[in-house]
Amino acid sequence: MKRVVACVLVVALTATAGCNGIQGVFESDQSTATEAPPSATVAEGGPNSGNGPTGGDGPTAGGTDAGPESGLYTVEETDTGEIAIRLSDLSMDYNFTGGSTQIASGDDTALRTQQIRKQNRRTFVLENRSRVGEQPVALVSVAIIYESSSAAESALQDHLGSFDGANTSRVDVAGFEGWQTTFTTEDDLRNVAVFGQDENLVYYTVTAGTSRRHPGFTQELFAEMAVDVRSGE
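Using full-length UniProt numbering, the first residue of the sequence shown is number 1, and each one after it goes up by one.
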């Protein structure tokens, strides 16, 4: 199971991020969790008005002096930890395995190159072995604030184009617009990713199945993230 989790985290990360900055964060979670399991409940809200295609809190990297920022979502006023999926959003079959929040600083070349101001991500694994095959064996939830809406849209397009042999389509999940992509890894993990974008914010969830994909499960998590996005505006 540990090997499966490691593979899905690295593959999902590489495919969705396409950058070393986020990849390093995921890989650090293979050895230890960096935050206490989040327990905040999901806030209620209305449909998201995303206008472009669409992706726990540990050590924070640097300050908030990374340069100019424009867009609805800001480092100071937007809590990406409230957007990323929390343990309380999942069934008791899952365990929280790690997560972090990164805030770009003036000398943070990796994040600044990608025009990222702040990113939060959490990972979970299926501990109930009797449910393997019925539920995803692992999942990743990410929320990223970019410097501008155009930077967010460009990054999202890059993410969606980085999956080898993937099938990507637009989806409407409970009134929230998203972009769903399915792909299979070299280790034969059947992954589903659903992305959303609103202004300069990109948020997404990736799930990994062994014997089959889990689009319904993934879309439910995406909808929970979208509700939190809308409620936080």
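Even glycine gets a Cβ: it sits at the ideal position worked out from N, Cα and C.
Ordered along the chain, which non-local residues of its own chain (more than five positions away) have a Cβ less than 7 Å from that of residue 136?
Closer than 7 Å at Cβ, skipping near neighbours: 126, 207, 208, 209, 214, 217.
By the three-class DSSP mapping on this structure, what secondary structure does residue 147 have?
Coil.
To the nearest angstrom, how far is the alpha carbon of residue 92 from that of residue 185?
Those two C-alpha atoms are separated by around 27 Å.
Taking 7 Å as the limit between beta carbons, can you name the residues of its chain near residue 211, skipping five residues before and five after?
Excluding residues within five positions, the ones whose Cβ falls inside 7 Å are 133.
Quick test of the definition: if touching needs 3 or more C-beta pairs under 8 Å, does the stretch 190-206 touch the stretch 167-177?
Output reads yes: the stretch 167-177 touches the stretch 190-206.
Using the three-state DSSP reduction, which class does residue 114 fall into: helix, strand or coil?
If DSSP states are grouped into helix, strand and coil, residue 114 belongs with coil.
Pull up the CB-CB distance for residue 73 and residue 145, whole angstroms please, since I reckon it's below 8 Å.
Correct: roughly 5 Å between the Cβ atoms.
Measure from the alpha carbon of residue 183 to the alpha carbon of each residue in 162, 231, 87, then state which is nearest.
Nearest C-alpha to residue 183: 162.
Applying the criterion that 16 or more other CB atoms from any shown protein chain within 10 Å of the CB defines a buried residue, is residue 230 buried or exposed?
The residue in question, residue 230, is buried, as its Cβ has 16 or more Cβ neighbours within 10 Å.
Can you give, in chain order, each stretch of the beta strand (DSSP E) that sits fully within the stretch 160-207 and has at least 3 residues?
Runs found: 167-173, 176-184, 190-198.
Starting from residue 74, trace the alpha helix (DSSP H) in both directions and tell me its first and last residue.
Looking at the DSSP string, residue 74 is not in any alpha helix (DSSP H), and its letter there is neither H nor E.
By alpha-carbon positions, which one of 149, 99, 141, 117 ends up nearest to residue 198?
Considering only alpha carbons, the answer is 149.
Quick one, are the C-beta atoms of residue 153 and residue 115 less than 7 Å apart?
No.
Compute the distance between the beta-carbons of residue 84 and residue 143, then report whether it is under 7 Å.
Yes, they are a contact pair.
Can you tell me where the beta strand (DSSP E) with residue 98 in it begins and where it stops?
That run of the beta strand (DSSP E) goes 94-103.
Measuring alpha carbon to alpha carbon, tell me which residue in 155, 151, 106, 100 is nearest residue 140.
Here the closest residue by C-alpha is 100.
Ordered along the chain, which non-local residues of its own chain (more than five positions away) have a Cβ less than 6 Å from that of residue 120?
Within the same chain, residue 120 has close Cβ partners 80, 81, 84, 101, 143.
Tell me the rounded alpha-carbon separation between residue 295 and residue 166.
This structure leaves residue 295 out entirely; the chain is present only between 1 and 233.
Where does residue 209 fall in DSSP's three states?
Correct three-state label for residue 209: strand.
Nearest to residue 75 by alpha carbon, out of 201, 224, 221, 97?
Nearest option by C-alpha distance: 201.
In whole angstroms, what is the alpha-carbon distance linking residue 78 and residue 232?
Straight-line Cα distance between these residues: approximately 7 Å.
To the nearest angstrom, how far is it from the Cα of residue 71 to the Cα of residue 156?
One C-alpha to the other measures close to 16 Å.
I'd like to confirm something about residue 128: is its beta-carbon nearer than 6 Å to some heavy atom of the ligand GTP, or not?
In terms of ligand content, the structure shown is empty, and the ligand GTP therefore cannot be addressed.
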